[in-house]
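Okay, so here's the structure we're looking at.
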Amino acid sequence: MGKRVAIVGAGVSGLAAIRSCLEEGMEPICFERSNDVGGLWKFSSHVEEGRASIYQSVFTNSSKEMMCFPDFPYPDDFPNYMHHSKLQEYIKAFAQKKDLLRYIQFETLVSSIKKCSSFLATGQWVVVTEKDGKQDSLLFDAVMICSGHHVYPNMPTDSFPGLEHFQGKCLHSRDYKSPGDFQGKRILVIGLGNSASDIAVELSRLATQVIISTRSGSWVMSRVWNDGYPWDMVYVTRFASFLRNVLPSFVSDWLYVKKMNTWFKHENYGLMPLNGPLRKEPVFNDELPARILCGTVTIKPSVTKFTETSAVFEDGTVFEDIDCVIFGTGYGYAYPFLDDSIIKSRNNEVTLYKGIFPPQLEKPTMAVIGLVQSLGATIPTADLQARWAAKVFANTCTLPPTNEMMDDINEKMGKKLKWFGQSNTLQTDYITYMDELSSFIGAKPNLPWLFLTDPQLALEVYFGPCSPYQFRLMGPGKWDGARNAILTQWKRTVMPTRTRAVGDAQRPCHLYDLLRMLFFPVLLLAVLFAFY
């Protein structure tokens, strides 16, 4: 084996990191503080310190064809959107199939990662671990941090005057597991993210009243899109991404708002975002509009203050006799085993080249995997990040100078503000980002070549879903089954739902739908040009 690489965490990012290191001939050692793989998706009935936590009813927001490891499709009979137990089953199967478990040290806590004394020359790190009360110090040539960002809850208690006097119960969504204890209660949920809306909808079946307080609103999307297909199989396509990037911004914004309002008019439900055209991650919830229509969930503006038993909102209304306040206010980035200045090298902000590499390090021997967020799934993103990072560690890919990396970070920050607004998360456009990473390692699909040599595949790659298989289609790490997986992805999509066959299976015509959607703005542009 070659260089020794320490990997922190055995969730999906950690498993991708192990596999990528092995592909480059390196020796990975993964440290996982729990007793199994899965990370976020390893459910526990109680909250565990230092680990991500999910509630019992969690389902995925990405469909199975869009969130697999690129060379390991889900079983045909798995549902398109999976309960966390199904996803954990898949993750464990992947680890076993790829023989990754023997590189993981379970029930081992990483307590410290520091540069070794000869870092300027070697780029090596000293990793201190703890197991069964004993500490161990090891030397590594490189480090991949794969511990996720759903661990340390953001509790903005200072933003709510009077909260210290509130006599009811307060908890973060991280501490929520099931609805049983909330029967007949009056509940206020602060925030309108995925967890907050999931919890509010679930509690609305048992609680006396549930109110969601939101500062800025949000688009709410159903997992079920055009003609009943999974949303990401229809929305996340290369052709759609091309149109979003080349159309004038006012046309692109108009189309985006129109599409987000197709299911229901957000203005009528109190959900309309303050800045509609921003591409902030929407909320995925199939039931929230119905719960609002039925009166079991109510949407209110920000809370201005709390009293001992109530909350006062910006519009002057009051929610009385509150039993519980649940904060769905997200998470902060924290790596307690690492000096903050390495990851947050500027203005206490996470500063990473391509969301992966700390740009100020003298040697590029540390990578953060799985931190970037987009409308794409985590698994294929982490897989591609890990492949690139492993090649950098193995010296088969190189990073630009520090000043060029900082310039790129600044440029990306400007684009992020334009598209996603002010946010602490590292948000990006999924296809643009994936194509950028894959180009670094020679794995980006060569569309002109495909149209010349394999038109059937090229059409599916360009107009169909940008599924993970595309990034193992060619170049280093090529998977021989990628072509067939792409051409049969719609068959696997409808297979678990066609349990009563009533005709031939249908698939969408992406080009027709997009051209139909564009008809009005194109007509409008033609009319405008006619008057000039």
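Under my numbering, residues 81 to 612 are what the sequence shown spells out, in order.
We treat Cβ as the ideally placed atom computed from N, Cα and C, and that holds for glycine.
Remember, predicted model here, so these are calculated numbers, not experimental data.
Collapsed DSSP secondary structure at residue i in the structure displayed
{"i": "Asp216", "result": "strand"}
{"i": "Phe149", "result": "strand"}
{"i": "Ser277", "result": "helix"}
{"i": "Lys249", "result": "strand"}
{"i": "Gln136", "result": "coil"}
{"i": "Arg371", "result": "helix"}
{"i": "Val127", "result": "coil"}
{"i": "Pro108", "result": "strand"}
{"i": "Arg266", "result": "strand"}
{"i": "Pro528", "result": "helix"}
{"i": "Thr508", "result": "coil"}
{"i": "Cys226", "result": "coil"}
{"i": "Gln586", "result": "coil"}
{"i": "Phe473", "result": "helix"}
{"i": "Phe344", "result": "coil"}
{"i": "Leu335", "result": "helix"}
{"i": "Ala447", "result": "strand"}
{"i": "Phe364", "result": "strand"}
{"i": "Pro535", "result": "helix"}
{"i": "Asp405", "result": "The sequence given here places Val at residue 405; Asp does not occur at that position. Val405: strand per DSSP, three-state reduction."}
Proximity below 8 Å, CB of residue i to CB of residue j
{"i": "Gln204", "j": "Asp216", "result": "no"}
{"i": "Ser275", "j": "Asp366", "result": "no"}
{"i": "Ser142", "j": "Asp278", "result": "no"}
{"i": "Gln507", "j": "Gln465", "result": "no"}
{"i": "Tyr615", "j": "Asn564", "result": "Nothing about residue 615 can be reported from this structure: the residues present for the chain run from 81 to 612 only."}
{"i": "Gly91", "j": "Gly228", "result": "yes"}
{"i": "Arg318", "j": "Tyr542", "result": "yes"}
{"i": "Thr409", "j": "Ile521", "result": "no"}
{"i": "Lys380", "j": "Ser293", "result": "yes"}
{"i": "Leu539", "j": "Phe386", "result": "no"}
{"i": "Arg266", "j": "Asp401", "result": "yes"}
{"i": "Lys122", "j": "Gln168", "result": "yes"}
{"i": "Phe417", "j": "Ser192", "result": "yes"}
{"i": "Pro528", "j": "Leu553", "result": "no"}
{"i": "Ala391", "j": "Val383", "result": "yes"}
{"i": "Asp403", "j": "Lys249", "result": "yes"}
{"i": "His230", "j": "Glu388", "result": "no"}
{"i": "Leu455", "j": "Tyr413", "result": "no"}
{"i": "Leu272", "j": "Ser298", "result": "yes"}
Inter-residue Cα distance where the pair is residue i and residue j
{"i": "Met486", "j": "Tyr433", "result": "7 Å"}
{"i": "Ala523", "j": "Ala462", "result": "15 Å"}
{"i": "Met162", "j": "Thr397", "result": "39 Å"}
{"i": "Leu181", "j": "Thr188", "result": "14 Å"}
{"i": "Ala97", "j": "Ile87", "result": "7 Å"}
{"i": "Cys101", "j": "Gly557", "result": "12 Å"}
{"i": "Lys338", "j": "Val607", "result": "20 Å"}
{"i": "Asp307", "j": "Gly583", "result": "16 Å"}
{"i": "Ile291", "j": "Gly130", "result": "30 Å"}
{"i": "Tyr232", "j": "Lys214", "result": "25 Å"}
{"i": "Gln289", "j": "Thr378", "result": "8 Å"}
{"i": "Leu355", "j": "Ser198", "result": "Per the sequence presented here, residue 355 reads as Asn, with Leu not at that position. Distance between the alpha carbons of Asn355 and Ser198: 50 Å."}
{"i": "Ala562", "j": "Asp534", "result": "13 Å"}
{"i": "Phe531", "j": "Lys495", "result": "31 Å"}
{"i": "Met493", "j": "Ser519", "result": "21 Å"}
{"i": "Gly435", "j": "Gln136", "result": "31 Å"}
Per DSSP, the bridge partner or partners of residue i
{"i": "Val208", "result": "Ser192 and Ser217"}
{"i": "Tyr232", "result": "Gly412"}
{"i": "Leu272", "result": "Leu272 is not bridged to any residue."}
{"i": "Ser377", "result": "For the record, residue 377 in the displayed sequence is Val; it is not Ser. BP columns for Val377 point to Val290."}
{"i": "Lys385", "result": "Val392"}
{"i": "Tyr433", "result": "Phe437"}
{"i": "Arg84", "result": "Glu107"}
{"i": "Phe186", "result": "Glu112"}
{"i": "Phe174", "result": "Per DSSP, none; premise fails for Phe174."}
Own chain residues within Cβ distance below 6 Å of residue i, not counting five before or after
{"i": "Thr209", "result": "Phe111, Thr188, Val190 and Asp216"}
{"i": "Gln569", "result": "Glu145 and Ser547"}
{"i": "Ile449", "result": "Ser93, Ala97, Met224, Cys226, Ala462, Gln465 and Ala466"}
{"i": "Pro576", "result": "Asp157 and Pro159"}
{"i": "Glu442", "result": "Leu200"}
{"i": "Ile184", "result": "Ala90, Cys110 and Glu112"}
{"i": "Ile38", "result": "Here the chain has residues from 81 to 612 only, and residue 38 is not among them."}
Own chain partners of residue i with C-beta closer than 8 Å, once the 5 adjacent residues on each side are dropped
{"i": "His536", "result": "What sits at residue 536 in the sequence shown is Gln, not His. Hits under 8 Å: Leu567."}
{"i": "Asp419", "result": "Lys194"}
{"i": "Val472", "result": "Phe437, Pro444, Ala447, Thr478 and Leu479"}
{"i": "Glu104", "result": "Gly82, Ala470, Lys471, Phe473, Ala474 and Thr476"}
{"i": "Arg285", "result": "Pro259 and Thr376"}
{"i": "Glu107", "result": "Met81, Gly82, Lys83, Arg84, Val85 and Cys101"}
{"i": "Glu128", "result": "Ser114"}
Own chain, CB closer than 7 Å to residue i, minus 5 neighbours either side, in chain order
{"i": "Ala457", "result": "Ser142, Met146 and Met147"}
{"i": "Asp357", "result": "What sits at residue 357 in the sequence shown is Pro, not Asp. Contacts found: Asp333, Tyr336 and Val337."}
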